[in-house]
Amino acid sequence: LVIAGPSLFCQKEQYDRYISDRHNSGFCREISNSFECARAIEKTVLPNIPGAHRQSRSLRLMMRDGSTVRFEDKKDSTSYSLRGLFLRDFYVVEIQEIEGGHFQILQFDTGNSIETIGPPIASPSENLFITANVDVDAAYTANGIELWAIKQNKPVFLTAYSGPCGPDGAKWKSQDTIQFHCVCFPPDSIPECNTTVTLSAKKKNWGQDSPLYE
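If you're matching positions, the sequence shown starts at 36 in the working numbering and goes up one per residue.
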């Protein structure tokens, strides 16, 4: 990761092209390779984000002050692909490794970043977001959901849910409610398998309040 010096930056209002769910958005239904899928998404969003550029193995993201954050793919090791500009203020980069991966969210204003287990999904009011990932068998990546708030234009971690239940299709049911389909391995290892699990965004600790932890 390299932060370069200031450069010319062209102001533009629309920086909101972003794809969180690669399958339900219509992407990658015919692509089984996860790297090819990530690059297909990047190819779609890049033309709509003037501050983002791809040159061979290098992904360059321009910040509001004109500085540039650069991600360099490592051959046969790590790749960086842009998911888009989330809520107009955050670049989202998918980081894929030989086994597993995660996401990085960068503030458009400062270039400061956080790492998350999945791509951010905004609440209806856009003051909260969740990130989720399912890995109930291989355990190469985290399995669970994270809840974040956006305060003073900064992501702030609130709480997380993790356990034997894989949060497939996690989404906001309302401003205060998150739902997902529980997937398990083995498929019937707990009673909640193949059911809908609901979490409250108002709870301070999902680990204590979830029925999976009783």
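Ideal placement from N, C-alpha and C gives every residue a C-beta, glycine not left out.
Burial is judged here by how many other beta carbons sit within 10 angstroms of a residue's own beta carbon; residue 128 has at least 16 and is buried. By the Cβ neighbour-count rule, residue 192 is exposed, with fewer than 16 other Cβ atoms within 10 Å of its own. As DSSP reads the structure, residue 90 sits in a beta bridge with 93. The beta carbon of residue 115 sits closer than 7 angstroms to the beta carbons of 94, 106, 108, 128 and 130 from its chain, once the five residues preceding and following it are set aside; these are given in chain order.
The beta carbon of residue 241 lies closer than 6 angstroms to those of 194, 196 and 234 in the same chain, with the five residues before and after it left out. Partner residues in the beta bridge of residue 202, as assigned by DSSP, are 217.
Residue 156 is positioned such that its CB atom lies no closer than 8 angstroms to that of residue 87. If you draw a straight line from the Cα of residue 92 to the Cα of residue 113, it comes to about 10 angstroms. For residue 176, the three-state secondary structure derived from DSSP is coil.
Beta-bridge pairing by DSSP links residue 197 to 179. Under the three-state reduction of DSSP output, residue 224 falls in the coil class, being neither helix nor strand. Every beta strand (DSSP E) stretch that sits fully inside the segment 127 to 178 and reaches 3 residues is listed by chain position as 136 to 142, 148 to 151 and 163 to 168. In this structure, DSSP gives residue 238 a state outside helix and strand, which the three-state scheme calls coil.
Assigned with DSSP and collapsed to three states, residue 67 falls in coil, not helix or strand. For residue 106, the uninterrupted beta strand (DSSP E) run begins and ends at 103 to 107, by DSSP. Distance check between residue 99 and each of 53, 152 and 146 places 146 closest, using alpha-carbon atoms only. Note that the C-beta distance between residue 142 and residue 164 is not below 8 angstroms. Rounded to the nearest angstrom, the gap between the Cα atoms of residue 236 and residue 202 is 15 angstroms.
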